[in-house]
Amino acid sequence: MILRGPVGLVLCGGGAWGAWQAGCLSRLIEKGLRFDQVLGFSIGAVHGAFHACGGIDPLLDLWKDVDELQSLRWAPRFFPPSFFSDAPLRRLLSPFKDDASVKARLSVPLEVLSVRREDGRRVCARFDPKGNPRWDGPLLEQLAASCSIPWIFPPVSVRSGEESSLLVDGGIFSAQPMSFLPLSACSTVLVLEMIRPDEMGLRPWGLFARRDQQSRELSRKHMDDGTASLRALPHPPRILRLHPSRKLEFSVLGFKTRCTRPALALGRTDADAFLDEISRQPAVG
-14 MILRGPVGLV
-4 LCGGGAWGAW
6 QAGCLSRLIE
16 KGLRFDQVLG
26 FSIGAVHGAF
36 HACGGIDPLL
46 DLWKDVDELQ
56 SLRWAPRFFP
66 PSFFSDAPLR
76 RLLSPFKDDA
86 SVKARLSVPL
96 EVLSVRREDG
106 RRVCARFDPK
116 GNPRWDGPLL
126 EQLAASCSIP
136 WIFPPVSVRS
146 GEESSLLVDG
156 GIFSAQPMSF
166 LPLSACSTVL
176 VLEMIRPDEM
186 GLRPWGLFAR
196 RDQQSRELSR
206 KHMDDGTASL
216 RALPHPPRIL
226 RLHPSRKLEF
236 SVLGFKTRCT
246 RPALALGRTD
256 ADAFLDEISR
266 QPAVG
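Right, here's the structure in full:
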């Protein structure tokens, strides 16, 4: 089945769970799936930026041996409070440090979501090919902000016009529900999410297990809210949600090669299963 275009892609956040998303996305692209607009937050925004600017192959190498990145580098700060440095993340994002170069390479519109630390309002930064008509840059700072988990990584100061705001991870609690309305002009929207529906409602024992479950519940809620915003449109797009075929049994901060390498491979397998399933469905006109 050929997806009716334009096709939008949503890449949700999820830290180390993003290894599955990278494997899934890479396989979908290898098999010929093309996207006309990309929206992402947290690690999903990083994947989206690499995809829109030439491909995610560098990230596949990273997920195969994520230990080398040393993602969690201890560097406590008191104000604003955070425990780890964002230097490894910024090193990963170095291909986006020159906006002029990125504008020339960007192939499809990209939406990067974050949250204002001051009031909890969502921020949607848009980046259009050639920078026209919108370029809410600098892109590297917006990507770093979208990945800035409060208390884990420092917030990022981003200037817009005369104002400067402290931005944090787009996947945290916000004063506003998640919205995918920037993709409202798409006929089909594919959502790559890392949490399965049967993971909801569990009540694990232990502090860390409960915190992990809260992260999973929040991630799923964001996807439910985002897809609901599209379904409420007078002429909603067709929405396809793709998640792992089995639970990713490590935490959102499980940046260990022993965790991410199998998740990467599972993503590719799940992409093949998804493509096989939709190929047997009738074309949508």
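Numbering (this note's numbering), first residue to last: -14 to 270. Even for Gly, the Cβ is constructed at its ideal location relative to N, Cα and C.
Would you report the Cα separation of residue i and residue j, rounded to the nearest angstrom?
| i | j | result |
| --- | --- | --- |
| residue 161 | residue 107 | 7 Å |
| residue 14 | residue 124 | 23 Å |
| residue 272 | residue 110 | Only positions -14 to 270 of the chain appear in the structure, and residue 272 is not among them; the question remains open. |
| residue 73 | residue 30 | 16 Å |
| residue 22 | residue -12 | 14 Å |
| residue 102 | residue 242 | 32 Å |
| residue 274 | residue 262 | Outside the modelled stretch of the chain, which goes from -14 to 270, sits residue 274, for which no answer is possible. |
| residue 254 | residue 159 | 34 Å |
| residue -1 | residue 220 | 30 Å |
| residue 270 | residue 16 | Any reading at residue 270 needs caution, since the residue's pLDDT is 47, under 50, leaving its predicted position unreliable; the model's value is listed next. Taking the straight line from one Cα to the other gives about 21 Å. |
| residue 210 | residue 163 | 5 Å |
| residue 225 | residue 173 | 8 Å |
| residue 264 | residue 213 | 26 Å |
| residue 97 | residue 231 | 28 Å |
| residue 266 | residue 259 | 11 Å |
| residue 75 | residue 116 | 22 Å |
| residue 122 | residue 85 | 10 Å |
| residue 20 | residue 95 | 11 Å |
| residue 189 | residue 237 | 16 Å |
| residue 296 | residue 134 | Absent from the model: residue 296. The displayed extent of the chain is -14 to 270, so no value can be given. |
| residue 148 | residue 112 | 19 Å |
| residue 186 | residue 227 | 20 Å |
| residue 64 | residue 152 | 14 Å |
| residue 201 | residue 257 | 24 Å |
Roughly how far, in whole angstroms, is the beta-carbon of residue i from the beta-carbon of residue j, given that I think they are within contact range, below 8 Å?
| i | j | result |
| --- | --- | --- |
| residue 229 | residue 181 | 6 Å |
| residue 38 | residue 90 | 5 Å |
| residue 51 | residue 175 | Contact flag wrong, Cβ pair sits at about 25 Å. |
| residue -4 | residue 32 | 5 Å |
For a quick check, are the C-beta atoms of residue i and residue j less than 9 Å apart?
| i | j | result |
| --- | --- | --- |
| residue 34 | residue 25 | yes |
| residue 136 | residue 235 | no |
| residue 10 | residue 252 | yes |
| residue 57 | residue 193 | no |
| residue 184 | residue 198 | yes |
| residue 66 | residue 92 | no |
| residue 218 | residue 166 | yes |
| residue 87 | residue 154 | no |
| residue 5 | residue 233 | yes |
| residue 222 | residue 150 | no |
Going by C-alpha distance, which of the options is nearest residue i?
| i | options | result |
| --- | --- | --- |
| residue -10 | 183, 9, 211, 18 | 18 |
| residue 127 | 187, 205, 261, 142 | 142 |
| residue 171 | 216, 8, 157 | 216 |
| residue 60 | 266, 156, 139 | 139 |
| residue 27 | 184, 80, 2, 202 | 2 |
| residue 12 | 225, 36, 112 | 36 |
| residue 206 | 84, 149, 178, 71 | 178 |
| residue 49 | 188, 260, 257, 245 | 245 |
| residue 82 | 105, 129, 100, 94 | 129 |
| residue 70 | 8, 54, 189 | 54 |
| residue 43 | 8, 190, 227 | 8 |
| residue 105 | 64, 256, 156 | 156 |
Using the DSSP secondary-structure output, state which residues sit across from residue i in a beta bridge.
| i | result |
| --- | --- |
| residue 173 | -8, 223 |
| residue 112 | 95, 120 |
| residue 59 | 69 |
| residue 25 | -4, 97 |
| residue 5 | Answer is none; residue 5 lacks a bridge partner. |
| residue 154 | 99 |
| residue 48 | BP columns for residue 48 are empty, so no partner. |
| residue 136 | 67 |
| residue 107 | 100 |
I'd like to confirm something about residue i: is its beta-carbon nearer than 8 Å to some heavy atom of the ligand MG, or not?
| i | result |
| --- | --- |
| residue 38 | With respect to the ligand MG, the structure offers nothing, as it holds no ligand at all. |
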